[in-house]
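So the structure is just underneath, and the comments pick up after that.
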Amino acid sequence: MIGIIVSGHAQFASGLASSLEMIAGKQDNIEIVDFLEENPLETISEDIESAIVKLKETCEGVLIYTDLFGGTPFKTALMLAQSHENVYVLAGTNLGMLIDAAFSRLSADNVLDFAKASEATGKEQVQLVESIEVNDYEVEEGDGI
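Add 2 to a position in the sequence shown, counting from 1, and you land on the number used in the working numbering.
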């Protein structure tokens, strides 16, 4: 199994984790690291490092999902990943890629291949919808996604 860390500015990570749990259920081997304005800069580094170490105890590799390329969570994760084997970082995380990752990581055995597939899924999830026919999507009664 591939371990997952989600990190980002403010409550980006905890918000995505909450949405992921609502849609895909409770997840094992996922760590959440929020970068809060009131915390010192060292806190995010310590929290990501702790999450990596914890996940590496039970997972073959770790993929760190961050919100913004070049942002503090991304740069911190990238710096820390370089000192660990089989730890990679993605930027520009969206909910669709996390949902896909939650299921596909169970059978993944190569973290780099998994990261590349997750990146592709994230890109596919971004769509410009200029117009839509009402009949293109059926609205079903019930609980929703």
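No residue lacks a Cβ here, since even glycine has one placed at the ideal position from N, Cα and C. All of these numbers come straight from a predicted model, not from anything done at the bench.
Nearest to Glu59 (by Cα), restricted to the options Gln129, Val128, Ile4, Leu130: Ile4
Neighbourhood of Gly46 by C-beta distance below 6 Å, restricted to the same chain and skipping five residues each side: The sequence shown places Ile at residue 46, not Gly. For Ile46, where only same-chain residues beyond five positions count, the Cβ hits under 6 Å are Phe37, Thr78.
Proximal residues to Ala15 (C-beta, below 7 Å), its chain only, five neighbours per side dropped: Same-chain partners within the cutoff: Val8, Ser9, Ile34, Val35, Asp36.
Sort Leu43, Met24, Leu22, Glu51 by Cα distance to Ala12 and report the nearest one. Leu43
Expected contact under 8 Å - CB spacing of Glu62 and Asn88 to nearest Å: 7 Å
Thinking C-alpha only, which one of Met81, Thr123, Gly72, Phe116 is nearest Glu48? Per the Cα distances, Met81.
Can you give me the Cβ contacts of Val91 inside the same chain, cut-off strictly under 7 Å, excluding the 5 residues immediately before and after it? Here the set comprises Ile66, Thr68, Phe76, Ala79, Leu80, Ala83.
Leu100 and Leu22: beta carbons closer than 8 Å? yes
With which residues is Ile7 paired in a DSSP beta bridge? Glu33, Ile66
Buried versus exposed call for Gly124 [16 or more other C-beta atoms within 10 Å across all chains shown]: Of the residues assessed, Gly124 falls on the buried side of the cut-off, its CB having 16 or more other CB atoms within 10 angstroms.
Is Asp69 a contact residue of the ligand MG, with contact defined as CB to any heavy atom under 7 Å? Absent from the structure shown: the ligand MG. Ligands present: none.
At what residues does the beta strand (DSSP E) containing Val89 begin and finish? 89-92
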